[in-house]
Amino acid sequence: MAALALQIGLQAAKHQSGPAVGIACLHASYATDVKQIKNPKLSSLKRGTGGRSSFNGIVATVFGATGFLGRYVCNRLGKIGTQLILPYRGDHYDALRLKLVGDLGQVLFVPYHLQDEDSIRKAIKYSNVVINLVGRDWETKNFKFEDVNVEGARRIARLAKEAGVEKFVHVSALNPSDGAEPLIIKNGSGFLKSKYYGELAVRQEFPEAIVFRPSVIYGQEDRFLRTYTKFVRHQMRALPLWHKGEKSIKQPVYVSDVAAAIVNAIKDPDAVGKTYQAVGPRRYKLGDLVDWFFAVMRKDSKWGYFRYDMRYDPTFYMKVKITEMLSPNYPIGVLYFEGLELQHTTDTVLPGIPTLEDLGVTLTKMEDQVPWELKPWRAGAYYDEELGEFEKPPPPREAIA
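Those letters in the sequence shown? Residues 1 to 401, per full-length UniProt numbering, in order.
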């Protein structure tokens, strides 16, 4: 009724006093409807009930969105009404599938190059949150560890600080060290060393950054579980491990738990400037884990599987060298010396540094998730589970150390 009366009044004023009076009245009516935002921040523009079709006030640029962890992070951010800006490199069709993680118009794509500062500035210009998931597990002819894990991280952190970004999240790695004890490689892991200096670089450029140190991450399309399913990793039906896997203790973490922690850290004001160790709930010997993986795939000792000490098998070392020479940019079967070094490095959890549980994440147990992940590689998969023809393997033993 009030709107109708206003319209009638405007029409009457226009006929009685001419068009100038009518326009003045119209502008006056608009002025009463417009509400000025006193605090011009994105958080003041929140709209909706908090779901996918809402806007929660967060505009996040996710570098490395097309990677393994990036897809999970984008999916969780999109579910809570985050506007996502996803820089990509290479073929844009590889990134376009991420358009579905958010509502219509909430997921935007922009091409970038890690060494092109102008493209990075364009990607973070309107964001209040920047997440750096870019990392390099092996070196290529165009990108060395130093280029990506150190200088690339430094560049993104510096430009984010210059742009006035409120929160910066950087994903490093567990056990970063400038002088890790070598196992297989003479000088130790170059990856862990680069992650160590990458953290220092980020802290120098963006002291309030939130840093995550994940252990080995497993999940859909990972490079942990699926490494042991590849034929090139085996020697016939045997599996070579450093000291048969008895001296390596791992604490794998589920990818969805890491993604949930990153989202919780963005929303938690107390997380600013902290470092979190992203590890799973339990520790295992690598040998026990691998035995369990093959038991879940129904490829245990009855199938012909056994593990042995790779130190005494020169043919396996020769195979690794050949795979690295044949494919210098992407190792065949994810088999390369740096990867073997990381596989057999013990996960050390330092006391006093918070974990994912401090961000309110309920950690997923491996025995609850791994059977589903390894289901496509099970022998006799055409049998009905309900018949109980195959005995369910017991979970791996927890390591004492």
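Where a beta carbon is used, it is the ideal one built from N, C-alpha and C, also for glycine.
Query, Result
"Rounded straight-line distance, which links the Cα of K321 to that of T315", "10 Å"
"Buried or exposed (CB count within 10 angstroms, at least 16 for buried), K295", "A small fix is needed here, since residue 295 is Ala in this sequence, not Lys. Label assigned to A295: buried."
"Minimum length 4: unbroken alpha helix (DSSP H) runs contained in the segment 202-229", "none"
"Cross-strand partners of L86 (DSSP beta bridge)", "F109"
"Reference Y336, options D288, S53, D137, closest by Cα", "D137"
"Three-state class that DSSP yields for F306 in the structure shown", "strand"
"Pick from S189, K46, I184 that is closest to E146, judged by C-alpha positions", "S189"
"Reduced DSSP secondary structure (H/G/I, E/B, other) of L340", "helix"
"Residues that F63 bridges to, as DSSP identifies them", "N132"
"The segment 112-124 / the segment 183-203 touching (three or more Cβ pairs under 8 Å)", "no"
"CB contact flag (S177, A278, <9 Å)", "no"
"For F63, the nearest candidate out of V361, Y72, D268 (CA to CA)", "Y72"
"C-alpha gap between residue 419 and M310, whole angstroms", "Because the chain in this structure spans residues 1 to 401, residue 419 falls outside the shown range and cannot be described."
"Proximity of K167 and I80 at Cβ, strictly below 9 Å", "no"
"Other residues of its chain near Y305: CB distance less than 6 Å, five sequence neighbours each side excluded", "R237, F294, K299"
"Inside the segment 242-318 only - alpha helix (DSSP H) runs reaching at least 4 residues", "255-267, 286-296"
"Boundaries (first-last residue) of the alpha helix (DSSP H) holding F68", "68-79"
"Candidates K274, L239, V253, A260: closest to Y312 by CA position", "L239"
"V165 versus T82: straight-line alpha-carbon distance, rounded", "15 Å"
"Touch test, the segment 345-361 against the segment 279-289, Cβ-Cβ under 8 Å, three pairs minimum", "yes"
"Residues of its chain near D103, where Cβ-Cβ distance is below 6 Å and the 5 sequence neighbours each way are ignored", "R52, S53"
"Sheet register partners of L239 (DSSP bridge)", "R307"
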